[in-house]
C-alpha cells in the first residue's frame, strides 16, 4: 500500500516546478502512451492494420471508429423512481440481555498518539489501534461465549471499547466463515445497529482477492461506525453449525477522534481556533472547521442540482480512516447505475474501495445555517472499483448500494475543456459540510504524481494535450478532504463535470494559489467510456482494470 505521508492537496502544499527538460521528457512519455491507447482503440474496431480485409463491413467499421474516438457530452439524470432499501431484520440484536459480555478495552489516546500515518492531501479522521487481546483467531475464539437460542441458532458477542473515540470501525480478519452467519454491530444500548450476512462479507473478500490482493488486508472486513467509543460485535450461526466453522480475528480498529457526523460549532462556516492551530485538531473534521473563506452550497441555489450528485467519502487504508469527496455520474443510457468518480490517490485499490462509506446531502440546510440538511443519509456498503487512470489520478467505482432518494447522476463532458470558462467545485474541505468554490479554468498543465504518492509536481501552461487543468478561485478555496471533488463547467445552459481535484496550493490565506484537476476527457478516452458509454464498449480495449 502506498505511503500515506505524501504531500498532496495540503492547504499549504507547495507545487514544485521541474526543469523544462525534465517536463518535456515526461510529456513525451505520456503522449506516447496516449497514442498507443488510440491505436488500440482503432485496432479493436478492425482498422489500421494488414488484417483490415477481415474487419466488419465498412459502415460498421466506420461507426465503430467514430464511437471509439468521438467525445461525448451527457446530461445529468435524476431518477423519477428511487429504489428504497427495506429495514433489515439481520440488524436486530439477538444476544440474551442476561448474558455477560467480555470487553476488549483500549486506553484513551494522547493528543498526537496514533497519528503516524497522516496524508495531508487526504483528510485524516482516525488512526489505527492494535488489539492484542483479539489479534489471533484462537484469542478471539476464546473470548466468544456461545449461547443457544430457542430456535437452535447460536449467538456470541464481544464488546470493544476505545476510550475517548467518537466512533470506531473494527477490522475483522476472516479465515473461515459460514455464508449463513450473521454479524451485527451495535451500541451498548442497542439504539444504533447494523447487520451483515456472512455471504456479503465473503463476497467483499472475493472482490478484493480477485483484484489481485492476497494480503491480510484483502481478508479484512471493516465494520460500519455506529457512533461512540464502544461497539458490540455479535455473531449468529444457524442451528446445527459448529462454532469451530467460524475463524475470525480482530487485530485492530480505527479510532475516530471526532464523530464523522458531528454537528456544527456555534459559528458554522467560520474557521474555528482549532482549525487554525496547526496541531492535531486542525486535521480533525467536523462541521464548522472549514476555513473562513469557504461558502456553504446552500448559499448559491443555482448549484443545487450538482450539489445532489456529490458525497463525502470515508474509507479505511491500513487501519487509518480518511475523508475525500466523490461525484455520482450518469451514463449515456441514463441507466441509474451508481457510477461514482473519485481520485485514485484516495481509492487506489479494490481493498480500499470495499471500506467506502458515503455521506449524502451532508451540508447546511440554509446558507450559514447551523442545522444539517434533513435529507442527510449514509451508505455503508462499499464500492466495486472498475478502473483507475494514473495519468489523471482517476478512480471510477460502482457503489454497492443504490444512492438515496434525491441524488442526481451528474452530467459530464468528454470534449476538450475551454480555457477561460467559469468553473465550480463542490467539495468537503476539512471534512466539513459541503462547500462551493467558484473560479475559472486558467491553464493546461503537465503534472506527475509519483507511484508511491510521495510527490506531485507540475510545469507551467503547456499543451492542450496535457493531463491536468489549473484552476484559480474567485470565491472559496480547497483543503484536505476536497480531494476527488468534481469540477463543473457550463455549456449551453447546463453544467457538466470536466475534471476532479488532485492537488494544489490554493487556500483561504494563499492569494493566487492554483489547484490542479485531472482531466475527465482524457480519463474517459483512456477507458472510463467502457462503463459510462456502454454502446461503444465493443470499441474499447485499453481500459486499465484495478
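Residue numbers (our numbering): 195 to 740. Glycine included, each C-beta is placed from N, C-alpha and C at the ideal position.
Quick one: any contact between the region 337 to 354 and the region 528 to 541, if contact means 3 or more CB pairs under 8 Å? Judged by Cβ distances under 8 Å, the region 337 to 354 makes no contact with the region 528 to 541, as fewer than three pairs qualify.
Following the continuous alpha helix (DSSP H) through residue 158, name the residue where it begins and the one where it ends. Only positions 195 to 740 of the chain appear in this structure, which leaves residue 158 out of reach.
Neighbourhood of residue 232 by C-beta, 6 Å cutoff - its chain only, sequence neighbours within 5 removed: Taking the first residue of the chain shown as position 1, residue 232 is located at position 38. Summary for residue 232: the model assigns pLDDT 26, below 50, so the residue's position carries little reliability; its value from the coordinates is reported in the next sentence. Counting only Cβ-Cβ distances below 6 Å, and skipping sequence neighbours, we find nothing.
Can you give me the start and stop residues for the beta strand (DSSP E) that residue 667 sits inside? Here residue 667 refers to the residue found at position 473 of the chain shown. Counting along the chain, the beta strand (DSSP E) containing residue 667 begins and ends at 662 to 669.
Tell me whether residue 265 is buried or exposed, calling it buried when 16 or more other Cβ atoms sit within 10 Å of its Cβ. Taking the first residue of the chain shown as position 1, residue 265 is located at position 71. Residue 265 is exposed by the Cβ-count criterion.
Can you have a look at residue 677 and say buried or exposed, based on whether 16 or more other CB atoms are within 10 angstroms of its CB? Position 483 of the chain shown, counted from the first residue, corresponds to residue 677. With 16 or more other Cβ atoms from the protein chains shown falling within 10 Å of its own Cβ, residue 677 counts as buried.
Ignore the nearest five residues each way along the sequence and tell me which others in residue 271's own chain have a CB closer than 6 Å to its CB. In the chain shown, the residue the question calls residue 271 occupies position 77. These residues qualify, in order along the chain: 524, 528 and 603.
Are residue 634 and residue 641 touching if we call contact CB-CB under 8 Å? Within the chain shown, the letter at position 440 stands for residue 634. Within the chain shown, the letter at position 447 stands for residue 641. Their beta carbons are not under 8 Å apart, which means residue 634 does not touch residue 641 by this criterion.
Give a yes or no on whether the C-beta atoms belonging to residue 443 and residue 334 are separated by under 8 Å. For the purposes of this step, residue 443 is taken as residue 249 along the chain shown, with counting starting at 1. For the purposes of this step, residue 334 is taken as residue 140 along the chain shown, with counting starting at 1. By the CB criterion at 8 Å, residue 443 and residue 334 fall inside the cutoff.
In the structure shown, what three-state DSSP assignment does residue 360 receive? Taking the chain shown and counting its residues from 1, the one referred to as residue 360 is at position 166. Residue 360 falls in the coil class under three-state DSSP.
I want to know whether the region 505 to 520 touches the region 547 to 559 - three or more CB-CB distances under 8 Å. Taking a cut-off of 8 Å on C-beta distances, the region 505 to 520 touches the region 547 to 559, as three or more cross pairs fall below it.
Within a Cβ cutoff of 7 Å, which residues of the same chain sit near residue 491, ignoring the five residues on either side of it in sequence? Reading the chain shown from its first residue, position 297 is the one you call residue 491. So the qualifying residues of the chain are 497, 501, 557, 620, 628, 629 and 630.
What three-state label does DSSP hand residue 415 in the structure shown? Here residue 415 refers to the residue found at position 221 of the chain shown. Strand at residue 415.
Quick check: the region 665 to 680 against the region 705 to 725, are at least 3 beta-carbon pairs closer than 8 Å? By the C-beta criterion, the region 705 to 725 is judged to be in contact with the region 665 to 680, since at least 3 inter-stretch pairs fall below 8 Å.
Residue 609 (DSSP reduced to helix, strand or coil): The residue given as residue 609 occupies position 415 in the chain shown. In this structure, residue 609 counts as coil in the three-state DSSP scheme.
Assign residue 340 to one of three DSSP states: helix, strand, or coil. Here residue 340 refers to the residue found at position 146 when the chain shown is read from its first residue. Coil at residue 340, not helix or strand.
Look at the alpha carbon of residue 450 and the alpha carbon of residue 321, and state the distance between them as a whole number of angstroms. Position 256 of the chain shown holds residue 450. Position 127 of the chain shown holds residue 321. The straight-line gap from Cα to Cα measures roughly 7 Å.
May I ask which residues mark the beginning and end of the alpha helix (DSSP H) holding residue 288? As a position in the chain shown, residue 288 is number 94, starting the count at 1. Element bounds for residue 288: n/a, residue is neither H nor E.
Taking 8 Å as the cut-off, does the region 417 to 433 touch the region 385 to 400 (at least 3 CB pairs, one atom from each stretch)? yes
Of the choices 700, 661 and 687, whose alpha-carbon is the least far from that of residue 717? For the purposes of this step, residue 717 is identified with residue 523 of the chain shown, where counting begins at 1. Of the candidates 700, 661 and 687, the one whose C-alpha sits nearest the C-alpha of residue 717 is 661.
Given residue 267 as reference, the closest of 622, 608, 687 and 625 once Cα atoms are compared: Your numbering for residue 267 matches position 73 in the chain shown. The option with the nearest alpha carbon to residue 267 is 608.
Would you please state the rounded distance, in angstroms, between the beta carbons of residue 544 and residue 405? I believe it to be under 8 Å. Position 350 of the chain shown, counting from 1, holds the residue named residue 544. Position 211 of the chain shown, counting from 1, holds the residue named residue 405. That belief holds up - the Cβ atoms of residue 544 and residue 405 are roughly 4 Å apart, short of 8 Å.
Could you give the distance in angstroms between the alpha-carbon of residue 274 and the alpha-carbon of residue 597? The residue you call residue 274 lines up with position 80 of the chain shown. The residue you call residue 597 lines up with position 403 of the chain shown. Taking the straight line from one Cα to the other gives about 13 Å.
Do the CB positions of residue 520 and residue 552 come within less than 8 Å of each other? In the chain shown, the residue the question calls residue 520 occupies position 326. In the chain shown, the residue the question calls residue 552 occupies position 358. Closer than 8 Å, so yes.
Would you mind stating whether residue 355 and residue 297 have Cβ atoms separated by less than 8 Å? If you number the chain shown from 1, residue 355 lands on position 161. If you number the chain shown from 1, residue 297 lands on position 103. Contact flag set, yes.
Bridge partner(s) assigned by DSSP for residue 629: Residue 629 sits at position 435 when you count from the first residue of the chain shown. BP columns for residue 629 point to 490 and 621.
Can you grab the Cα-Cα spacing for the pair residue 384 / residue 715, in whole Å? For this step, residue 384 is matched to residue 190 along the chain shown. For this step, residue 715 is matched to residue 521 along the chain shown. Looking at the two C-alpha atoms, the distance is approximately 48 Å.
For residue 500, the three-state DSSP class (helix, strand or coil): The sequence position of residue 500 within the chain shown is 306, counting from 1. Three-state DSSP puts residue 500 in a helix.
Nearest CA to the CA of residue 550: which residue from 530, 337 and 575? Locating residue 550 in the chain shown gives position 356, counting from the first residue. Among 530, 337 and 575, the Cα nearest to that of residue 550 belongs to 575.
Are residue 663 and residue 713 closer than 8 Å when you measure CB to CB? Working through the chain shown from its first residue, we reach residue 663 at position 469. Working through the chain shown from its first residue, we reach residue 713 at position 519. Closer than 8 Å, so yes.
Which of helix, strand or coil does DSSP assign to residue 269? Counted from its first residue, the chain shown places residue 269 at position 75. Coil, per DSSP.
Less than 8 Å separating the beta-carbons of residue 516 and residue 590? In the chain shown, residue 516 corresponds to position 322, counting from 1. In the chain shown, residue 590 corresponds to position 396, counting from 1. Against a cut-off of 8 Å, the Cβ pair of residue 590 and residue 516 comes out as no contact.
If we count the other Cβ atoms within 10 Å of its Cβ and call it buried at 16 or more, is residue 422 buried or exposed? For the purposes of this step, residue 422 is taken as residue 228 along the chain shown, with counting starting at 1. Counting Cβ neighbours within 10 Å, residue 422 comes out buried, since at least 16 surround it.
Three-state secondary structure (DSSP) at residue 725? Position 531 of the chain shown, counting from 1, holds the residue named residue 725. Residue 725 falls in the helix class under three-state DSSP.
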